[in-house]
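Engineer:
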Amino acid sequence: MPEIQNVAVFCGSRAGQAPAARAAAQALGRGIAQAGMRLIYGGGRIGLMGALADSALAAGGSVVGVIPEFLRAWEVAHDGVSHMLVTDSMHSRKLRIFEMADAFVSLPGGLGTLDETFEILTWRQLKLHDKPILVCNIDGSAAPLVAIVEAAISGGFARPDTRQLFECIDGIEATLERLRTLHTVPAETSARL
Ligand code: AMP
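As numbered in the numbering used here, residues 872 to 1064 make up the sequence shown, in order.
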């Protein structure tokens, strides 16, 4: 199976309070570019999204933004990405990102980031895809998400193997290392989404 070529990253449209989050987004963008992988993301130039894209571009990487028309101005679309795909809705944005990605990385973020991460997790739970999902832990940022999943399992609302739907990885270096060792899986299912 071929190596991972296209990495979708979900992260905040705000930078958050911890400087480590911005540094992590920058390191991930740079690392993806240096590994020769293509970055797929939500197309903004603000917050962690902007930091991620800027550093991937500065390292000579290929960056694809996917943004819905109505968010283009509001979310301050990046004007320097390699390609910008404009969709007609949030749903088609998530589907386009899903279709293009070989793997997903979730960084710190707000409700949008959580929504995107959980949606890709639930699609995998429903066996609509089997693409790897890495939740990157930056100074404890992933703990609430892991706790929600574990609470669903212990409460009998999710099967114990739900925890295997994603890997929680400490820091950017280990995340990049994991991306380098993963392989693409056939995307047979997006027609069912
Ligand atoms: P946030 O984590 O809230 O800063 O949002 C990060 C990204 O998720 C941004 O590109 C938002 O446009 C996107 N987003 C926000 N809300 C949603 C939602 N309900 N569904 C999907 N994406 C969203």
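Every residue gets a Cβ at the ideal spot worked out from N, C-alpha and C, and that includes glycine.
1. Relative to the C-alpha of Gly-1042, which candidate in Arg-893, Trp-994, Gly-981, Val-935 has its C-alpha closest?
2. Please report the distance separating the alpha-carbon of Gln-888 from that of Val-880.
3. Taking just the CA atoms, how far does Phe-1028 sit from Thr-875?
4. Between which two residues does the beta strand (DSSP E) containing Ala-974 stretch?
5. Using 8 Å as the limit for Cβ to Cβ distance, is Ile-968 near chain C?
6. Could you check where the alpha helix (DSSP H) with His-962 kicks off and where it finishes?
7. What separation, rounded to the nearest whole angstrom, lies between the Cα atoms of Gly-907 and Gly-1026?
8. Tell me, to the nearest whole angstrom, how far the beta carbon of Ile-903 is from that of Ala-927; I am working on the premise that it is less than 8 Å.
9. Looking at Gly-983: is its Cβ nearer than 8 Å to the Cβ of Met-955?
10. Does at least one heavy atom of the ligand AMP sit under 7 Å from the Cβ of Met-971?
11. DSSP three-state label for Arg-995, please.
12. Indicate whether Val-935 and Val-957 have their beta-carbon atoms separated by less than 8 Å.
13. In terms of alpha-carbon separation, which member of Pro-939, Leu-1036, Asp-950 lies closest to Ala-924?
14. Using a threshold of 8 Å, state whether the C-beta atoms of Arg-1030 and Glu-1038 are closer than that.
15. With DSSP as the reference, label Asp-1010 as helix, strand or coil.
Structural biologist: According to the data block:
1. Arg-893
2. 20 Å
3. Looking at the sequence shown, residue 875 is not Thr but Ile. Going by the C-alpha atoms only, they are around 32 Å apart.
4. 974-977
5. Among the protein chains of the structure shown there is no chain C, as only one such chain exists.
6. 961-971
7. 42 Å
8. 6 Å
9. no
10. no
11. helix
12. no
13. Asp-950
14. no
15. coil
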